[in-house]
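Asks: In our numbering, the protein residues as written are 643 to 996. A virtual CB, placed ideally from N, CA and C, is assigned to each residue, including glycine. This one's a predicted model, so the numbers in the text were calculated from it and none came from an experiment.
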Ligand SMILES: Cc1ncc(COP(=O)(O)O)c(C=O)c1O
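1. Check this for me: beta carbons of residue 993 and residue 925, under 8 Å apart or not?
2. Give a yes or no on contact between the segment 745-754 and the segment 786-793, applying the rule of three or more CB pairs nearer than 8 Å.
3. What residue from 693, 807, 860 and 868 has the CA that sits closest to residue 848's CA?
4. Looking at ligand 1, does it come within less than 7 Å of residue 907, judged from the CB to the closest heavy atom?
5. When you compare the CB positions of residue 672 and residue 954, do they come within less than 8 Å of one another, or not?
6. Could you check the C-alpha separation between residue 813 and residue 797 for me, to the nearest Å?
7. Any idea which residues DSSP pairs residue 997 with across the strands?
8. What whole-angstrom Cβ distance do residue 864 and residue 893 have, given they're in contact under 8 Å?
9. Does DSSP classify residue 874 as helix, strand or coil?
10. Which residue from 718, 902, 726 and 872 puts its Cα closest to that of residue 836?
11. Identify whether residue 757 lies in helix, strand or coil by the three-state DSSP scheme.
12. Taking residue 732 as part of the alpha helix (DSSP H), name the residues at either end of that continuous run.
13. Restricting to Cα atoms, I'd like to know which of 871, 905, 932 and 803 is closest to residue 721.
14. Using the C-alpha atoms, what's the distance from residue 713 back to residue 682?
Okay, structure coming up:
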């Protein structure tokens, strides 16, 4: 039967994002392929979610999400009008494209960055320029200056893990006063710096952050955007034209408690960062070339560049990492940082694989 006729034409050649493999049976598995946090979420967040389950679920959740927005505003030294919350940063980013990036000029992001950006461009029919990273995978940030309809930077970048300095980010903001500069800080907690302090000065800055990585809440789907009120109101208008209750009551309770317990998350991030340094050194001892990471993963090249073979050999040992097959990344592996014990197991496996 010809079924294509039932679909809108723009769906015919859509190329959806392919997420990392999510095995359902986790027994004995070392899962290092989607940059999840190996430590559990804050016990206070778990307790808040338990308490949110009850008769109250018969009611719609808060549509202005004030408790969560206030907790985030307080943490950042901003006001609630500077905060938008969403169902994971994938949702927040997806609302940003129609809100800010449908311009006459193309938007710009790096050739090697979060793969979802291209998917949104296709979905929302937004033209883009993919600016090549330098050969050492650092970012030529001056390439963004002044000619685009929008700028999108993952900082630290993924999958490289490399962070651009706040001074460089400020230069991009200063040189693009007429378009939105979106800084995707998904991995901010493993770096410790943020562009959020520039919000008061730059009306074109939007910072997006997630609770998936730093707060160990990938399963909850909660994230936020920070910016001046005109940008935040634009996102609220977008959301209210799409799904006005985008965070459910359980997620709101859990995310609020998690943000209020940020020191717990920071302590876990410090453990991840210490393991990252230890693991990077171990990789270097095996002849792997590893980029300097400010995130909860490393991007590393096996001595012979045979990343696909190493990926498969690790998978046979029940260790799952990520391999991107595009030309500039095919010789590299992205390995999320797990617990110290998990990374010891990975290093032992890599030693064995040789
Ligand atoms: C750079 C970057 N931005 C956004 C996301 C999406 O995160 P979330 O779980 O909040 O949708 C990811 C996920 O891996 C990411 O790497």
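Replies: On the basis of the data shown:
1. no
2. yes
3. 868
4. no
5. no
6. 14 Å
7. Beyond the ends of the chain as shown, which are 643 and 996, falls residue 997; an answer cannot be given.
8. 5 Å
9. helix
10. 718
11. coil
12. 730-738
13. 871
14. 21 Å
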